[in-house]
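For reference, the structure is listed below as structure tokens.
In full-length UniProt numbering, the protein residues as written are 1 to 591.
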């Protein structure tokens, strides 16, 4: 069979059932093999970067998923780089496959010939141009092994067109995936970590995205419940423990944090980090973050330990393997009466949760963004899969929305590329077609890859997209406050074709409808609930993306630190002082 056909057969035996991409001349032999082999569905994107983000969303939705992105030579590969960077930053395995000029002319500036392997190497676990057709099976086998082993991440395989077309000997019936390697903690390491933990008075568990990647959330909750230790999920770990669980202490950080989460962290004297990377938006200034507390860090990647700061003890281990031992040893200690009573400390975290809240209920017109998230909490239940990337919309969403299950907050945490949300949501909805998928964007993120809405219309991929529109680069405008400028962040203009918009510029409703989707514009906060319900009905009926655009006040400053200090988060809006100020909070406000 051709090397291209062998590659497709390997994809199927590595459990790939779906791919996203855009064909082109240099990858057409692979597409022919894809068609003739069957068994792998394909979604045609409008932009290859969009296809890479669809693959990311697909991977992030279910344990074991690996999204596949396919494109031709040259610019298709360079378009994938942002997706590869995003996947690398968040430890997400995706496989990008590109076509390439014939091997004999790659170095002769052939049309769309570029050294994509060299370009992609810094943002992948492996990037390779396969020059010998007989190596194709081995390269694909190694790709899946690398993507799944140790810290997960993406791979790019570049296939010259002559390599794709060359016939090789390959028996798919005897193909077997390579064993996956993941480091595992030893019992002695876990016992030492628990000894350090037991010596503390006010310990916390910081649960990162590695807990979700390892499919270890149930073990995390079991360990927390066995020991009575409160849990701080990171932005990438959000959903590992339900927001309303009595041991969920809230999120910590400079931006995507809760008032009660930061306050609890600053009271702690010990932190057990599992599957987290001490991201700077979580920690802020390290002197503030580390002062007065000891740290144990568990991470699947040995070189991650000590990368940001030196913990008191480090364990290189897959989160699931470590948590299995943590649960086992903790249960033994509990049976022996060897675990301290943490009930008073845990109760104090819930007391903060009931008193340190932000206000969400405002009746202002134009709409204040806080009200949008309040209405989203009312409209969308715990089964909702939220998808978002970056901006004030994401930051406010993380402060005010509620997540109850793993992989129900699907967020590009490290790279944060604008435009990620639409294609990622399409990937999530493709991976879980029966789910309630709700995307969240500001107007600039929405406009970056708006053409991908047509993919949802063509392939009948329904989801609801909440678009908060203030016609501003809101996060960048807020970041410019310290420089006393408001420069090149204004998106407003008077649209000659939609004068009813005033200065809000782009008519997102017309654009969405022109791309085959449905859209609703809301200007009154009291109409948001009905709009969300109508959007759900339209998505179900027409099987297309449905946009709900909320016209916001032009300027809102969302709570965040201006000094990179988690002890100094500025509350730009009035905080909640009465229960009706935050009616959808997970704990009723104690006035």
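Glycine is no exception: its CB is placed at the ideal position from the N, C-alpha and C atoms.
(request) Taking residue 253 and residue 282 to be in contact with their CB atoms under 8 Å, please state how far apart those CB atoms are, rounded to whole angstroms. (result) Stepping through the chain shown from its first residue, residue 253 is reached at position 253. Stepping through the chain shown from its first residue, residue 282 is reached at position 282. Going by Cβ atoms, the distance from residue 253 to residue 282 rounds to 5 Å, so yes, they are a contact pair.
(request) Would you check if the segment 271-279 and the segment 295-311 touch, i.e. whether three or more CB-CB distances between them fall below 8 Å? (result) yes
(message) According to DSSP, simplified to helix, strand and coil, what is residue 345?
(response) Here residue 345 is taken as the residue at index 345 of the chain shown, counted from 1. Of the three classes helix, strand and coil, the one that applies to residue 345 here is helix, per DSSP.
(request) Can you tell me which of the three DSSP states residue 203 falls into? (result) Translated into the one-based positions of the chain shown, residue 203 becomes position 203. It is a strand residue.
(message) I'd like the span of the beta strand (DSSP E) that includes residue 549, first residue to last.
(response) For this step, residue 549 is matched to residue 549 along the chain shown. Per DSSP, residue 549 belongs to the beta strand (DSSP E) from 545-551.
(request) Under 6 Å Cβ to Cβ from residue 13, same chain only, skipping five residues before and after it: list those, please. (result) Taking the chain shown and counting its residues from 1, the one referred to as residue 13 is at position 13. The answer, listed in chain order, is 175.
(request) Give the single residue among 77, 155 and 107 whose Cα lies nearest to the Cα of residue 92. (result) Counted from its first residue, the chain shown places residue 92 at position 92. When each option's Cα is compared against that of residue 92, the closest is 155.
(request) Would you identify the three-state DSSP class for residue 377, choosing helix, strand or coil? (result) Start at 1 with the first residue of the chain shown, and residue 377 comes out as number 377. Three-state result, residue 377: helix.
(request) Please list, in chain order, all residues of the same chain as residue 63 whose beta carbon is under 7 Å from its beta carbon, the five residues on each side excluded. (result) In the chain shown, counting from the first residue as 1, residue 63 sits at position 63. Hits under 7 Å: 215.
(request) Let me know if residue 24 comes out buried or exposed under the rule of 16 or more other beta-carbons within 10 Å of its beta-carbon. (result) Your numbering for residue 24 matches position 24 in the chain shown. Residue 24 should be labelled buried.
(request) Compare the beta carbon distance of residue 594 and residue 7 with 8 Å and say whether it is the shorter of the two. (result) With the chain running from 1 to 591 in the structure shown, residue 594 is simply not present.
(message) Quick check: residue 4 and residue 164, are their CB atoms within less than 8 Å of each other?
(response) In the chain shown, the residue the question calls residue 4 occupies position 4. In the chain shown, the residue the question calls residue 164 occupies position 164. In contact: residue 4 and residue 164 (Cβ atoms closer than 8 Å).
(request) Give me the Cα-Cα distance between residue 535 and residue 2, rounded to the nearest whole angstrom. (result) Position 535 of the chain shown, counted from the first residue, corresponds to residue 535. Position 2 of the chain shown, counted from the first residue, corresponds to residue 2. Between residue 535 and residue 2, the C-alpha separation is close to 47 Å.
(request) Could you work out which residue in 442, 489, 422 and 561 is closest to residue 546 when comparing CA atoms only? (result) As a first step, residue 546 is located in the chain shown; it is residue number 546 there, counting from the start. Of the listed residues, the one whose Cα sits closest to residue 546 is 422.
(request) Going by DSSP, name the residue or residues bridged to residue 358. (result) The residue given as residue 358 occupies position 358 in the chain shown. Residue 358 is bridged to 575.
(request) Give the straight-line distance between the Cα atoms of residue 312 and residue 290, rounded to the nearest whole angstrom. (result) Within the chain shown, residue 312 is the residue found at index 312, counting from 1. Within the chain shown, residue 290 is the residue found at index 290, counting from 1. So the alpha carbons of these two residues sit roughly 11 Å apart.
(message) I'd like to know whether the C-beta atoms of residue 42 and residue 83 end up nearer to each other than 8 Å.
(response) Within the chain shown, numbered from 1, the residue matching residue 42 stands at position 42. Within the chain shown, numbered from 1, the residue matching residue 83 stands at position 83. The answer is no: Cβ separation not under 8 Å.
(request) Tell me, to the nearest whole angstrom, how far the beta carbon of residue 157 is from that of residue 128; I am working on the premise that it is less than 8 Å. (result) One-based indexing of the chain shown puts residue 157 at position 157. One-based indexing of the chain shown puts residue 128 at position 128. Yes, they are in contact, since the Cβ atoms of residue 157 and residue 128 sit about 6 Å apart, within 8 Å.
(message) For the beta strand (DSSP E) containing residue 594, name the first residue and the last one.
(response) Nothing about residue 594 can be reported from this structure: the residues present for the chain run from 1 to 591 only.
(message) On the CB-based measure, 16 or more other CB atoms within 10 Å of its CB, does residue 343 come out buried or exposed?
(response) Counted from its first residue, the chain shown places residue 343 at position 343. So residue 343 ends up on the exposed side.
(message) I'd like to check one pair, residue 126 with residue 104: are the Cβ atoms closer than 8 Å?
(response) Sequence index remark: in the chain shown, residue 104 carries index 104 (1-based). Sequence index remark: in the chain shown, residue 126 carries index 126 (1-based). No, these two residues do not count as a Cβ contact at 8 Å.
(request) Hey, could you find the ends of the beta strand (DSSP E) residue 586 is sitting in? (result) Residue mapping note: residue 586 aligns to position 586 of the chain shown, counting from 1. Segment: none, residue 586 is in no beta strand (DSSP E) and carries neither H nor E.
(message) Quick check: what's the CA-CA separation for residue 112 versus residue 100?
(response) Looking up residue 112 in the chain shown gives position 112. Looking up residue 100 in the chain shown gives position 100. Looking at the two C-alpha atoms, the distance is approximately 8 Å.
(message) Report the start-end ranges of each beta strand (DSSP E) in the segment 374-451 that is 3 residues or longer and not cut off at the edges.
(response) 385-388, 409-411 and 437-442
(message) Give me, in chain order, the residues of the same chain whose beta-carbon lies closer than 7 Å to that of residue 382; leave out the 5 immediate sequence neighbours on both sides.
(response) As a first step, residue 382 is located in the chain shown; it is residue number 382 there, counting from the start. Result list for residue 382: 404 and 405, in chain order.
(request) Tell me residue 487's beta-bridge partners as DSSP assigns them. (result) To locate residue 487, count along the chain shown from 1; it is residue 487. Residue 487 is not bridged to any residue.
(message) Rounded to the nearest angstrom, what separates residue 79 and residue 417 at their Cα positions?
(response) Position 79 of the chain shown, counted from the start, is the residue given in the question as residue 79. Position 417 of the chain shown, counted from the start, is the residue given in the question as residue 417. Taking the straight line joining both Cα atoms gives about 13 Å.
(message) Assuming the contact rule is C-beta atoms closer than 8 Å, residue 551 and residue 367 should be a hit. Round their C-beta distance to whole Å, please.
(response) Numbered from 1 along the chain shown, position 551 holds the residue referred to as residue 551. Numbered from 1 along the chain shown, position 367 holds the residue referred to as residue 367. Yes, residue 551 and residue 367 are in contact; Cβ-Cβ is about 6 Å, under 8 Å.
(message) Please list the terminal residues of the continuous beta strand (DSSP E) segment that includes residue 313.
(response) For the purposes of this step, residue 313 is taken as residue 313 along the chain shown, with counting starting at 1. Residues 313-316.
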